[in-house]
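Residue numbers (UniProt numbering): 1 to 380.
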């Protein structure tokens with residue numbers, strides 16, 4: 001098919017809704033329902049020929065076929081890892097997202113934020129799948145890619161080491177929607193290793209199709225707390241990070257004396273205002289996708305500040321669990337963190353009360369060697 005004919009065909013398909021949230025494009029032409037029915041009829045669990053359970057799916061360098069880090073990796077299905085695997089138990093929660101041996105905190109911070117928006121989550125994680133009814137070893141997820149929604153099919157063979165999941169795992173151990181979604185996103189990007197060290201903005205946009213605003217917390221806008229509150233109420237996804245101050249810190253995830261990790265993505269999951277010694281105190285709730293290592297300063301899980309607010313408010317907000325989630329004052333948040341990303345489902349400004357009318361224009365094209373090559377400026 002010529003480039004012109006392909007472009008015309010693409011426009012016609014888009015005009016009929018293909019690529020919209022109601023009719024996602026089937027990635028690599030794989031149709032979930034057709035493949036699942038074929039497996040159920042034959043009684044054979046699905047094995048994905050487009051993303052096979054082999055060394056190349058793990059990576060190409062640090063996780064490459066001959067890397068010491070991949071020795072001993074065994075691909076196993078969830079029924080081989082626990083007696084009663086579940087896809088989602090009592091709804092998807094932030095605690096379901098615990099980072100494994102992969103540097104994709106940027107994606108997991110976005111994913112943990114996604115659990116706060118049930119409508120969005122259902123778009124990315126279709127509920128027509130589980131390990132009980134019509135189980136065939138096949139699952140699917142949807143992502144926003146190049147201006148359209150794509151449906152990505154994967155089998156449920158996951159990389160393990162010593163009987164434990166190597167990458168994303170659930171805090172409960174028997175829930176697998178997060179690990180399977182991570183695999184689907186790895187397939188979309190070529191390998192698991194391709195997810196290492198990505199962009200928060202990219203993760204937020206790929207899970208929502210939304211529009212990101214980035215705030216420099218060293219020069220915050222007036223009313224930032226209200227902007228965050230408005231964004232959370234609107235169902236936006238929020239994440240933040242701390243910049244490194246040296247090349248040595250950039251090589252590793254350095255932890256501060258109060259247990260905040262530099263060059264690491266955190267989800268922003270809530271804001272509250274409490275009465276503290278007769279004065280209003282603004283609080284921000286964050287989550288470390290590791291599922292552990294929490295802030296130890298003011299308003300942390302065991303901090304004395306909790307003893308000086310209304311007991312009912314303390315009961316509502318104070319959770320003393322090592323789950324990666326913690327509170328801190330808004331003033332400490334603004335001082336400690338460097339950047340805040342807010343991904344909204346509408347281009348309407350979060351910094352104003354009135355709405356603005358926007359127009360959307362979509363141009364279909366392709367990368368061409370030379371004038372539109374794209375990619376990082378560091379690699380011309």
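Using N, Cα and C, we set each Cβ at its ideal position, and we do this for glycine too.
Residue range 237-241 is occupied by the beta strand (DSSP E) that includes residue 240.
Between residue 94 and residue 287 the beta-carbon gap is near 5 Å, inside 8 Å, which marks them as a contact.
In this chain, the alpha helix (DSSP H) harbouring residue 332 covers 330-336. Taking a contact to require three or more Cβ pairs closer than 8 Å, the region 148-158 and the region 44-57 qualify as touching.
With distances taken between CA atoms, residue 231 lies nearest to 117 out of 167, 366, 117 and 244. For residue 344, no alpha helix (DSSP H) segment is defined; the enclosing uninterrupted segment is the beta strand (DSSP E) at 339-344. In summary, residue 164 is exposed, with fewer than 16 beta-carbon neighbours lying within 10 Å of its beta-carbon over all protein chains present. In the structure shown, residue 191 falls within a coil segment according to DSSP collapsed to helix, strand and coil. DSSP, reduced to helix, strand and coil, places residue 265 within a strand of the structure shown. Taking the Cα positions, residue 135 is about 10 Å away from residue 44. In the three-state reduction of the DSSP assignment, residue 144 falls in the strand class, which pools E and B.
DSSP, read as helix, strand or coil, puts residue 165 in strand. In the same chain as residue 39, and ignoring 5 residues on each side of it, the C-beta atoms closer than 8 Å to its own belong to 45, 46, 136, 137 and 138, in chain order.
Nearest to residue 80 by C-alpha distance, out of 143, 115 and 159, is 159. In this structure, 187 is the residue among 84, 75, 187 and 66 with its C-alpha nearest to the C-alpha of residue 27.
Non-local C-beta neighbours of residue 276 in its own chain, meaning closer than 8 Å and more than five positions away in sequence, comprise 305, 308 and 309, ordered along the chain.
When the five nearest sequence neighbours on each side are left out, the beta carbons in the same chain lying within less than 8 Å of the beta carbon of residue 100 are those of 165, 166, 167, 168 and 169, in order along the chain. Proximity of the region 192-204 to the region 312-327 falls short of the contact definition, fewer than three beta-carbon pairs being nearer than 8 Å. Residues 69, 70, 192 and 193 of the same chain have their beta carbon placed closer than 7 Å to that of residue 63, with the five preceding and five following residues left out of the count.
Exclusion of the five residues before and after residue 171 leaves 95, 98 and 291 as the residues of its chain whose Cβ lies within less than 6 Å of its Cβ. With three or more CB-CB distances shorter than 8 Å, the region 322-333 counts as touching the region 276-285. In this structure the region 231-242 touches the region 107-126; the number of beta carbon pairs closer than 8 Å is three or more. Take residue 144, set aside five residues on each side of it, and the residues of its chain with a beta-carbon closer than 6 Å to its own are 206 and 209, in chain order. Considering only 226, 227 and 263, the residue with the shortest C-alpha distance to residue 242 is 263. Rounded to whole angstroms, the gap between the alpha carbons of residue 131 and residue 265 is 31 Å.
In this structure, the alpha-carbon of residue 75 lies about 51 Å from that of residue 222. For residue 126, the closest alpha carbon among the candidates 161, 177 and 106 is that of 177.
In its chain, beyond the 5 residues on either side, 141 have a beta carbon closer than 6 Å to the beta carbon of residue 181. Annotation: the continuous beta strand (DSSP E) that includes residue 211 extends over 211-216.
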